[in-house]
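What follows is a set of notes on a single structure, which appears directly below.
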Amino acid sequence: MLILALETSCDETAAAVVENGGRVLSNVIHSQHDLHEKYGGVVPEVASRAHLDWLTPVLREALAQAQVKPQELSAIAVGNRPGLVGSLLVGVNAAKGLSWALGLPLLGIDHVQAHLYASALDTDTPPAFPALGLVASGGHTSLYAVESPLKMTKLGATIDDAVGEAYDKAAVMLGAGYPGGASLDKLAQMGDAKQAPRELPRSLLSPESLDFSFSGLKTALLYSIRGFPVGKGGAATFERDIHALSDQQRADIAAAFQEAAIGILMTKLRRAAAKMKADGMAPQALLLGGGVVANSLLRSEAAKLGQKLRLPVHLPKMAYCADNAAMLAGLAHHRLFAGEADGLMLPALPSSLV
Ligand code: KG4
Ligand code: ZN
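In the working numbering, the protein residues as written are -3 to 350.
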């Protein structure tokens, strides 16, 4: 089965063709980072207009690279949730048009669920189930008990920022550039957390909690960089500004942030594995997905955790961590195989259904 998928949920316009749920024939991504950089974040209206401009060339390129003609496709998939609704609508309507014109089944795919499928692309070793899943991205930080690619139960989620969002804000505070996660990761690799002026807190909520919180870490980081607030109300300022720090000090603070943020993820994974075991559903594998899984420390710490728990760790290849359409096409294969399909009334939804 050959599935073409479209992804327009945020600031990447992407299309991919995947064969039989695993073999990626093409994975084309046009990132809008340059358009949003000057605003320091994604501007929804700008994003949806750019999707309109880029979707057709990206789609043509995906078919050309895969050497597949539209008539050879088995189905059209599209990320229809969660995301910016104006952006999602571009992909959803294009997918409906293709489905109708080509007479092919249409499959709406949950972007968060698809991130957990990304590690199954271009590999000969599919995960064993039940698995413990962690989605760590710019919009989500959630743990799941995963029974199959299509069946998962949420065990916990962030109560404030997603970890990628915390990375992006930390990068702004540290003047590390846009988009923040990857540049902060690079800066942290040049630093030494032990040399940072203070240890950063790892908020774990209650001892049993499988939820996450990153807002306290962000505030502590701000104080590490700029000192404590001075004055009150509109006149409040800080003891110093970022320029008071040397490049090495910035790198050391970045390393302290990275250790704390990734440390929180690892602690919660360990807790969730114990919880699944106690509930009689011992995990057989760890599945990770989302943009933050490109992080150097997260990848090495997850491998160590897997060894400790004696569980295989499934990390997506770097090309499939951040937003892409291949993960959608791969997951869509399982829906199609199960005889599922959506109609032309398929909605674009702001929230995930998992
Ligand atoms: O999955 P994704 O592309 O989009 C969402 O679904 O949100 O994730 C994007 C997030 C951004 O917050 C970005 O800063 C973060 O992933 N990210 C990283 C790294 N590369 C991307 N965070 C930490 N370390 C990285 N190397
Ligand atoms: Zn994503």
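A virtual CB, placed ideally from N, CA and C, is assigned to each residue, including glycine. Every value quoted in this text rests on a predicted model; they were computed, and no experiment measured them.
- A Cβ closer than 5 Å to some heavy atom of the ligand ZN marks a residue here, and those residues are Ser133 and Asp319.
- The Cβ atoms of alanine 1 and alanine 325 sit closer than 7 Å to each other.
- For the alpha helix (DSSP H) assignment, the uninterrupted runs of no fewer than 4 residues enclosed by the stretch 142 to 218 are, from N- to C-terminal side, 159 to 169 and 176 to 185.
- Residue pairing by DSSP places histidine 310 opposite Leu283 in a beta bridge.
- Boundaries of the beta strand (DSSP E) around glutamate 8: 8 to 15.
- Counting only the Cα atoms, leucine 196 lies some 27 Å from cysteine 317.
- The C-alpha of glutamine 109 lies about 10 Å from the C-alpha of proline 78.
- Taking 7 Å as the cut-off, the Cβ atoms of aspartate 7 and valine 38 count as close.
- Taking the Cα positions, isoleucine 249 is about 44 Å away from histidine 329.
- With fewer than 16 neighbouring CB atoms inside 10 Å of its own CB, phenylalanine 224 falls in the exposed class.
- A heavy atom of the ligand KG4 is found nearer than 6 Å to the CB of tyrosine 163.
- Taking a C-beta distance under 7 Å as the contact criterion, leucine 151 and leucine 200 do not qualify as a contact pair.
- No heavy atom of the ligand KG4 is found nearer than 6 Å to the CB of alanine 298.
- Separation of methionine 169 and leucine 218 (C-alpha to C-alpha, rounded to the nearest whole angstrom) is 7 Å.
- With respect to the 7 Å criterion, asparagine 320 and alanine 10 are classified as neighbours on the basis of their beta carbons.
- Taking every protein chain shown into account, the CB of serine 347 has fewer than 16 other CB atoms within 10 angstroms, so this residue is exposed.
- Annotated as proximal: glycine 176 and alanine 167, with beta-carbon spacing under 7 Å.
- At least 7 Å separates the beta-carbon of alanine 71 from that of leucine 51.
- Counting other Cβ atoms within 10 Å of its Cβ, glutamate 255 reaches 16 or more and is therefore classed as buried.
- In this structure, the alpha-carbon of proline 123 lies about 14 Å from that of lysine 313.
- Using a Cβ distance threshold of 7 Å, phenylalanine 210 and aspartate 157 count as a contacting pair.
- Residue nearest to asparagine 23 within the set Ala274, Leu100, Ala58 and Gly302 is Ala58 (criterion: CA-CA distance).
- Given a length threshold of 3 residues, the stretch 33 to 75 has no whole run of the beta strand (DSSP E) inside it.
- A distance of 7 Å or more separates the beta carbons of serine 95 and threonine 4.
- The Cβ atoms of alanine 153 and serine 133 lie no closer than 7 Å to each other.
- Between the alpha carbons of valine 142 and leucine 112 lies a distance of about 9 Å.
- Taking all protein chains in view, the Cβ of histidine 310 is crowded by 16 or more other Cβ atoms within 10 Å, so the residue is classified as buried.
- Counting the other CB atoms within 10 Å of its CB gives histidine 32 a total of 16 or more, which places it among the buried residues.
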